[in-house]
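So the protein lines, in turn, are chains A and B. Residue numbering for the first sequence follows our numbering, starting at 18 and increasing by one per position. Residue numbering for the second sequence follows our numbering, starting at 111 and increasing by one per position. Note that CB positions come from ideal geometry on N, CA and C, so glycine has one too.
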Amino acid sequence: DTEVTQTPKHLVMGMTNKKSLKCEQHMGHRAMYWYKQKAKKPPELMFVYSYEKLSINESVPSRFSPECPNSSLLNLHLHALQPEDSALYLCASSHPLGHEQYFGPGTRLTVT
Amino acid sequence: GEDVEQSLFLSVREGDSSVINCTYTDSSSTYLYWYKQEPGAGLQLLTYIFSNMDMKQDQRLTVLLNKKDKHLSLRIADTQTGDSAIYFCAETPDQTGANNLFFGTGTRLTVIP
């Protein structure tokens, strides 16, 4: 298994909703990442988990809450989002002794 | 922060070679990558080069690195319509472990049949 999966593929939510994005990999990778990508822009790092511990938080607003329940799963909990949070949210993973990051297909989020 | 620049657009005819260029500012970059993103999709890692190399070839792809000028290029031989996508270069200063990737602005490659 050499892929990163993300669910859902698309999500539309209101500003008062609570939702979660899910990411899964079974490659034995112990670093997992959340990136945000706005239209026509490159991805920007949000969070990094290394061995299930949060190691990097790029000053992301608290309405985004990451969680890494085990070495294969990464969640991003969303609450009280703003329309400007609409974007493609990408998950990636990498081997603890490697450097290449492998990306999932992304979740296209629209906040109304 | 790191600045990674690319030209925004490139059009080539099917069968020709494409050359996508990238410049970066961080001299401590350890690995440099090329990713491909098709519309509405995630990023696909195409290839990477370690900073002590100046060239890497992988089938139709050739990566050239000029560390002195901080210039990276990706050459795609015999470009096909399926190569139409956005290409991002990226760099990281870290050798292993959880690390941040700094992406370029992306180059939209259009292949004309």
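Out of the options, which has the shortest C-alpha to C-alpha gap to residue i?
i, options, result
"S76(A)", "L62(A), E69(A), C85(A)", "L62(A)"
"P25(A)", "K53(A), L38(A), H112(A), G45(A)", "L38(A)"
"V114(B)", "P223(B), L120(B), D193(B), G216(B)", "G216(B)"
"E69(A)", "R80(A), P60(A), P86(A)", "P86(A)"
"F64(A)", "G123(A), A109(A), P113(A), A56(A)", "A109(A)"
"N209(B)", "T157(B), D126(B), V122(B), T140(B)", "T140(B)"
"G115(A)", "K146(B), Y158(B), S137(B), F198(B)", "Y158(B)"
"A48(A)", "T124(A), H112(A), E20(A)", "H112(A)"
"L174(B)", "T133(B), R218(B), S121(B)", "T133(B)"
"Y106(A)", "I73(A), H43(A), P59(A)", "P59(A)"
"Y52(A)", "I73(A), T33(A), L28(A)", "I73(A)"
"H94(A)", "P78(A), H43(A), A56(A)", "P78(A)"
"Q116(B)", "G192(B), K166(B), Y197(B)", "Y197(B)"
With residue i and residue j assumed to form a contact (beta carbons below 8 Å), what rounded beta-carbon distance in angstroms separates them?
i, j, result
"Q89(A)", "T127(A)", "According to the sequence as given, residue 89(A) is Ser; it is not Gln. The pair is not a contact, with the Cβ atoms about 28 Å apart (cut-off 8 Å)."
"S161(B)", "K177(B)", "6 Å"
"L142(B)", "L182(B)", "5 Å"
"V221(B)", "E124(B)", "6 Å"
"G31(A)", "T129(A)", "6 Å"
"G214(B)", "A200(B)", "7 Å"
"H27(A)", "R125(A)", "5 Å"
Whose C-beta lies closer than 7 Å to the C-beta of residue i among residues of the same chain, with five residues either side of it excluded?
i, result
"E41(A)", "T22, S89, L90"
"R170(B)", "I186, A187, D188"
"S121(B)", "T220, I222"
"S67(A)", "R47, A48"
"D126(B)", "T189"
Per the DSSP calculation, residue i is bridged to which residue(s)?
i, result
"K35(A)", "H96(A)"
"H181(B)", "T133(B), N176(B)"
"V29(A)", "T127(A)"
"E148(B)", "None, per the DSSP bridge assignment."
"V122(B)", "V221(B)"
"S67(A)", "A48(A), K70(A)"
"C108(A)", "W51(A)"
"A200(B)", "Y143(B), F213(B)"
"N162(B)", "In DSSP, N162(B) forms no bridge with anything."
"S128(B)", "I186(B)"
"D168(B)", "L171(B)"
"P83(A)", "L93(A)"
Take residue i and list the residues in its own chain whose beta-carbon comes closer than 6 Å to its own, dropping the five residues that flank it on each side.
i, result
"A97(A)", "R80"
"K35(A)", "H96"
"T172(B)", "R185"
"N131(B)", "S183"
"N92(A)", "S37, K39, E84"
"S137(B)", "none"
Which same chain residues end up closer than 8 Å to residue i when comparing Cβ atoms and leaving out the 5 residues on each side of it in sequence?
i, result
"L71(A)", "F64, V65, P83, C85"
"Q54(A)", "P60, E61, A104, L105, Y106, L107, G123"
"M163(B)", "L175"
**Item:** the region 114-123 of chain A contacting the region 138-154 of chain B, beta-carbon criterion three pairs below 8 Å
**Value:** Verdict: yes, contact present.
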